[in-house]
Amino acid sequence: MTAPSWSILRLMSHVIVTPVPCLQDNYAYLVHEQGSTEALVVDASESAPVLAALAERGLTARAVLSTHHHFDHVGGNLELKRALPGLEIVGSEYDRERIPGLTRALAHHGGADLAGLSVRALAVPGHTLGAVAFVIGDTVFTGDTLFIAGCGRMFEGDAKMMSHSLLDELASLPDETRVYCGHEYTVANARFAISVDGDNAAVRELLARAEKARAAGIATVPSTIADEKRHNPFLRVADPGFLATLGLSDSVSGFAQLRKAKDSF
Ligand SMILES: [Zn+2]
Numbered sequence: 001m002t003a004p005s006w007s008i009l010r011l012m013s014h015v016i017v018t019p020v021p022c023l024q025d026n027y028a029y030l031v032h033e034q035g036s037t038e039a040l041v042v043d044a045s046e047s048a049p050v051l052a053a054l055a056e057r058g059l060t061a062r063a064v065l066s067t068h069h070h071f072d073h074v075g076g077n078l079e080l081k082r083a084l085p086g087l088e089i090v091g092s093e094y095d096r097e098r099i100p101g102l103t104r105a106l107a108h109h110g111g112a113d114l115a116g117l118s119v120r121a122l123a124v125p126g127h128t129l130g131a132v133a134f135v136i137g138d139t140v141f142t143g144d145t146l147f148i149a150g151c152g153r154m155f156e157g158d159a160k161m162m163s164h165s166l167l168d169e170l171a172s173l174p175d176e177t178r179v180y181c182g183h184e185y186t187v188a189n190a191r192f193a194i195s196v197d198g199d200n201a202a203v204r205e206l207l208a209r210a211e212k213a214r215a216a217g218i219a220t221v222p223s224t225i226a227d228e229k230r231h232n233p234f235l236r237v238a239d240p241g242f243l244a245t246l247g248l249s250d251s252v253s254g255f256a257q258l259r260k261a262k263d264s265f
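Here my numbering is used: the first residue of the sequence shown is 1, the next is one more, and so on.
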C-alpha cells in the first residue's frame, strides 16, 4: 500500500483538542499534536479538572494560553504554575498586569512555539480590551469573543471595536478553521438567533442539533468559521440582506442593535 500523498495529509488535522468542562459552563482545552505527550492548556478556569485531564491522557502541560483576564478563564493559572514547574503563561501584551502568572506577552499577530505547536495571537478587543484569540494550525480558540451562534458582552470595548474583531479578524480566518469557544452557550445563543433570524434554516438546524447534544451531555464545540458565517447573527451583519431585515444598512449599527437586544433577551 502506498503512503497517502502529502496533500491528503495536509487536509487532516494533527492538532488534537480535548475540551475540559470547568466551573458552571466554561471550557478549558488541552491541545497537543498527534503522537506528542506535550500539551498546551487554553483558559485554565480552575486547576483540578485540568490536572486530572492531563493525567488521564498522559500529557505534560508546557504552557497555559489565557484569552483574557476574567477570573473564569485564568482562575487556575497560579495553582497550575505551582504544580508544574517551568510552565509558561501566555497572554496579551495589554493584559501584562491582569493575567495571573504571565511569563510571555504577545502582541497582535505575535507568535510562539510551545509544546511543538506554533501559536499565533490575534488581538480581538471588545469583550475586554486585552482579549486575544489563539490560532494553532486549523484551529482557533476564541475565549469570550466569538461563541457558537453568539458573542461575548462588551465589558470594555464598543460596538465598532468588537464588530471589527469579529468581522475583520475572526471571520477572515479560513472557512474550515475549527472554532473552540470559552463557554457552552450554544442553545441559548441559537434561541436568540432564531428570534432575529428565524427564516434562516441554518439557525433552526443548529438549535435542534445543540439541544440534542446537550440532552446527551455532549459538548457543542467545535464549530467552524463557515458555520458561524451561516448561523451567527453577530457575523451575519456582514450580509446586506440580513441587515435590511433589521432595517439597517451598516454592519456596526447592526452589531450594536443585536448586542443590545441580546443583553436583555
Ligand atoms: Zn470573559
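Beta carbons are placed, not taken as given, at the ideal position from N, Cα and C, and that holds for glycine.
Would you say residue i touches ligand 1, meaning its beta carbon is less than 7 Å from a heavy atom?
i           : result
residue 25  : no
residue 144 : yes
residue 73  : yes
residue 32  : no
residue 150 : no
residue 108 : no
residue 127 : yes
residue 70  : yes
For residue i and residue j, what's the separation of their Cα atoms in angstroms?
i           : j           : result
residue 41  : residue 228 : 24 Å
residue 52  : residue 244 : 49 Å
residue 96  : residue 235 : 30 Å
residue 6   : residue 38  : With a pLDDT of 46 at residue 6, under the threshold of 50, the predicted position of this residue should be treated as unreliable, though the coordinate-derived value follows. Those two C-alpha atoms are separated by around 24 Å.
residue 160 : residue 57  : 42 Å
residue 173 : residue 215 : 31 Å
residue 138 : residue 18  : 15 Å
Could you say which of the options lies nearest to residue i if we only look at CA atoms?
i           : options          : result
residue 71  : 28, 255, 87      : 28
residue 63  : 26, 98, 105      : 105
residue 76  : 101, 253, 96     : 101
residue 183 : 20, 16, 15       : 20
residue 69  : 137, 115, 132    : 132
residue 55  : 65, 30, 251, 66  : 30
residue 86  : 201, 93, 61      : 61
residue 192 : 166, 118, 150    : 150
residue 112 : 129, 127, 98, 89 : 89
In chain order, what residues of the same chain have a beta carbon less than 7 Å from the beta carbon of residue i, not counting five sequence neighbours either side?
i           : result
residue 46  : 22, 23, 75, 76
residue 79  : 47
residue 254 : 237, 243, 246, 248
residue 34  : 14, 16
Among residues of its own chain, excluding the 5 on either side of residue i, which ones have a beta-carbon nearer than 8 Å to its beta-carbon?
i           : result
residue 257 : 246, 248
residue 226 : 175, 176
residue 142 : 67, 124, 133, 170, 179, 180, 181, 182
Taking the beta carbon of residue i as the centre, do at least 16 other beta carbons fall within 10 Å, making it buried, or is it exposed?
i           : result
residue 263 : exposed
residue 178 : buried
residue 155 : exposed
residue 212 : exposed
residue 251 : buried
residue 240 : exposed
residue 163 : buried
residue 260 : exposed
residue 121 : buried
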